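Have a look at the structure below before the remarks.
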Amino acid sequence: MMQVLQQQRAEQPPPVQPQPIQGVQPQVPRGDPIFREFCRLNPPTFEGQYEPTEASEWLFRMEDMMEDLECTPVEKVTFAT
């Protein structure tokens, strides 16, 4: 049994490494009314804390704000970064 497992492990191809995505990040113009409203709401910043509850709270607040503003998926990514 061990020989079979070792043989299978030896025959497995190496894992595929993810390739970085090439391209331009979508940009939302600063004059965009939704972006201005988003900034006016003073969105919270995430500083990379190690406390999971702080990360969850930040995510919840951001999702709530973006839902209220009816942001598109592209706007959500752009605004969060």
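Going by the UniProt record's numbering, the sequence shown opens with residue 1, and the numbers climb by one from there. Beta carbons are placed, not taken as given, at the ideal position from N, Cα and C, and that holds for glycine. Just so it is clear, the structure is predicted and the values come from calculations on it, not from any experiment.
Under the rule that 16 or more other beta-carbon atoms within 10 Å means buried, what is C39, buried or exposed? exposed
Cβ neighbours of L69 in the same chain (closer than 7 angstroms, five flanking residues each side left out): I34, E37 and F38
Can you name, in chain order, every residue of its own chain whose Cβ lies under 8 angstroms from the Cβ of G31, other than the five neighbours on each side? none
Does the beta-carbon of F79 have 16 or more other beta-carbons within 10 angstroms, so that it is buried, or is it exposed? buried
Which value, in whole angstroms, describes the spacing of the CA atoms of N42 and Q6? 57 angstroms
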